[in-house]
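Colleague: Quick note: to get the working numbering, add 10 to the position in the sequence shown (first position is 1).
Where a beta carbon is used, it is the ideal one built from N, C-alpha and C, also for glycine.
Submitted below is the structure of interest, expressed as structure tokens.
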Amino acid sequence: MPTNWSEVPESLRCDIDIVADSALSQDPQACMLAWLAQEQRSLAYTPHNDGHWIIFTHKLAHQVLCDAKNFGSFPIGVPANYQQRPRLIPLESGPDEHRRYRRLLLPVFQPDVVKTMESSVRAHACAVLDAVMGNDKIDFLSDIAKPIPTRVFAEQMGLESTMLPQFYAWETGFYRAPTLEERLACGQQIALHLQQVVEQHQKQPGAGNIVDLLLAAEVEGERLTAEEVQGIAYLLFLAGIDTVASMLSFTILQLARNPHQYAQLHEDPEKVAASVEEFLRLNAFISLNRICEQDIEIEGVLIKAGDNVVVPSAITSRDPQVFGAPDTFDSNRSRGEQNRHHAFGAGAHKCVGLHLAKLEVRVVLEEFCRRVGSVSLSSDRKIIGHGGTTMGLDALPVDLHWAAQ
Ligand code: HEM
């Protein structure tokens, strides 16, 4: 039987709601960090969202994420919500199946393949930025951060560019439609469309986009079935658009609040490349979750089979035991320190798309910094955010001063 709130000792109880705390809607990251500031413990149990553990230290988080035997990844969600959607491949697969998926997926997302995507990512970034050039008041999220990864995803999946408006609508509906039925309907439309795309690519194989690469991927005579490619395409949609948009918007929020940091990047956009890892660390926003497979004791605390264990990367990526001056932006951290953040997770499920994600973040910021002289938060409009396992911003109104071109 999973842990019940009534049996959790007082010393391990906390009152954190990572989904619906009202402070998350104003500034989700600040809200998380405020929780961290109060914590002296390695872990605690909250009764919210069907009850789950929260890990506060980097060391313990790493132990959980790297122990796939004791901490499984199905179902993902807080609260776990498998009934409402298809199984996510490869995230929700068991260790053996997962190894096979990774072997087939990794070559598609390896650095030299991703490098060939740079010119097209840059072309999309420039097109979107040029379309808003001159507007001194924009919503960074809907005008820049969302459209660019959506266009990149559409191109990678071989989707028609005429489908983009429809895709924005499904995507926004999937995450934010007011009712569960509407969100599910958007998810089904996306899945159906991706199924048609995969079938079309099977009939007429092309070269170069991710669907073609996945259909052709072969390791030791093994290939993915069309259904598996559809499942993976669905996860790539979930994992590859909103995440990049969130990372870009949290980073611009950081830079808008720290004009001296922005000024340095505007003066020399080539410095963006060396700052990306530190942007990722400071703006990590995913709360990963694992389901305990069997009773296990960690740091003297019994975690029971079936317990949901949440690893908030925003918190563990600022652990002072690992990162000196953890709240300071420092793009010169030692390599060992720099690469240890949990923005992309850790262990077997560490983000397969991390090279592409870093490329998108770097290229968009380079092009933004080149064009925009200064960025500040609008005083007349509010930031809107949300919590959940993928916390993010729904509106980031900013005032821009465009540089002379
Ligand atoms: C800044 C952007 C991104 C962030 C912060 C991010 C973060 C993450 C994290 C934390 C995980 C681990 C989840 C877990 O262990 O429970 C993950 C997994 C994954 N991500 Fe990303 N991601 C980003 C962009 C992308 C992109 C662009 C793609 C591909 C187009 C992608 C594809 C995936 C896939 C397929 C997995 C599952 C890997 C597995 O289960 O083996 N991600 N991502």
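Would you give the residue range spanned by the alpha helix (DSSP H) that A201 belongs to?
Modeller: What you label residue 201 is simply residue 191 of the sequence shown in a count that begins at 1. It spans 190 to 213 - the alpha helix (DSSP H) in which A201 sits, taken as one unbroken run.
Colleague: Return the chain-ordered ranges of every beta strand (DSSP E) run that is complete within the stretch 253 to 334 and spans a minimum of 3 residues.
Modeller: Listed in chain order, they are 297 to 302, 306 to 308, 311 to 313, 318 to 322.
Colleague: How far does the alpha helix (DSSP H) with V371 in it extend, from its first residue to its last?
Modeller: Here residue 371 corresponds to residue number 361 of the sequence shown, with the count starting at 1. Where V371 is concerned, the enclosing alpha helix (DSSP H) stretches over 364 to 381.
Colleague: Can the beta-carbon of R300 be found less than 8 Å from the beta-carbon of S21?
Modeller: Start at 1 with the first residue of the sequence shown, and residue 300 comes out as number 290. Start at 1 with the first residue of the sequence shown, and residue 21 comes out as number 11. Going by C-beta atoms, R300 is not nearer than 8 Å to S21.
Colleague: Round the Cβ separation of V282 and R372 to the nearest angstrom and send it over; I've been treating them as touching at under 8 Å.
Modeller: For this step, residue 282 is matched to residue 272 along the sequence shown. For this step, residue 372 is matched to residue 362 along the sequence shown. Contact holds; Cβ gap of about 6 Å.
Colleague: Starting from L75, follow the alpha helix (DSSP H) in both directions and report where the run begins and ends.
Modeller: The sequence position of residue 75 within the sequence shown is 65, counting from 1. From DSSP, the alpha helix (DSSP H) with L75 extends over 68 to 75.
Colleague: Terminal residues of the continuous alpha helix (DSSP H) containing G241?
Modeller: The residue you call residue 241 lines up with position 231 of the sequence shown. Per DSSP, G241 belongs to the alpha helix (DSSP H) from 236 to 250.
Colleague: Please list the terminal residues of the continuous alpha helix (DSSP H) segment that includes A135.
Modeller: Counting from 1 along the sequence shown, the entry for residue 135 is found at position 125. Here the alpha helix (DSSP H) through A135 covers 128 to 142.
Colleague: Could you tell me the alpha carbon to alpha carbon distance between A187 and Q274, rounded to whole angstroms?
Modeller: Position 177 of the sequence shown, counted from the first residue, corresponds to residue 187. Position 264 of the sequence shown, counted from the first residue, corresponds to residue 274. Taking the straight line joining both Cα atoms gives about 39 Å.
Colleague: Given a threshold of 16 other Cβ atoms within 10 Å of its Cβ, counted over all protein chains shown, does S171 qualify as buried or as exposed?
Modeller: Along the sequence shown, one-based indexing puts residue 171 at 161. Per the 10 Å Cβ criterion, exposed.
Colleague: Measure the alpha-carbon distance for V207 versus A133 and round it to whole angstroms.
Modeller: Counted from its first residue, the sequence shown places residue 207 at position 197. Counted from its first residue, the sequence shown places residue 133 at position 123. C-alpha separation (whole angstroms): 23 Å.
Colleague: K125 by DSSP, collapsed to three states: which one?
Modeller: Along the sequence shown, one-based indexing puts residue 125 at 115. In the structure shown, K125 sits in a helix (DSSP, three-state: H, G or I).
Colleague: Check whether the Cβ of R112 sits closer than 7 Å to any heavy atom of the ligand HEM, and report yes or no.
Modeller: Mapped onto the sequence shown, residue 112 falls at position 102. It does: the Cβ of R112 is within 7 Å (strictly closer) of some heavy atom of the ligand HEM.
Colleague: Would you say G363 touches the ligand HEM, meaning its beta carbon is less than 7 Å from a heavy atom?
Modeller: Here residue 363 refers to the residue found at position 353 when the sequence shown is read from its first residue. Yes, since a heavy atom of the ligand HEM falls inside the 7 Å radius drawn around the Cβ of G363.
Colleague: Can you find a heavy atom of the ligand HEM that lies under 7 Å from the Cβ of V254?
Modeller: Sequence index remark: in the sequence shown, residue 254 carries index 244 (1-based). At least one heavy atom of the ligand HEM is nearer than 7 Å to the Cβ of V254, so yes.
Colleague: Would you kindly report the start and end of the unbroken beta strand (DSSP E) that includes W63?
Modeller: For the purposes of this step, residue 63 is taken as the residue at position 53 of the sequence shown. Note, W63: beta strand (DSSP E), 62 to 65.
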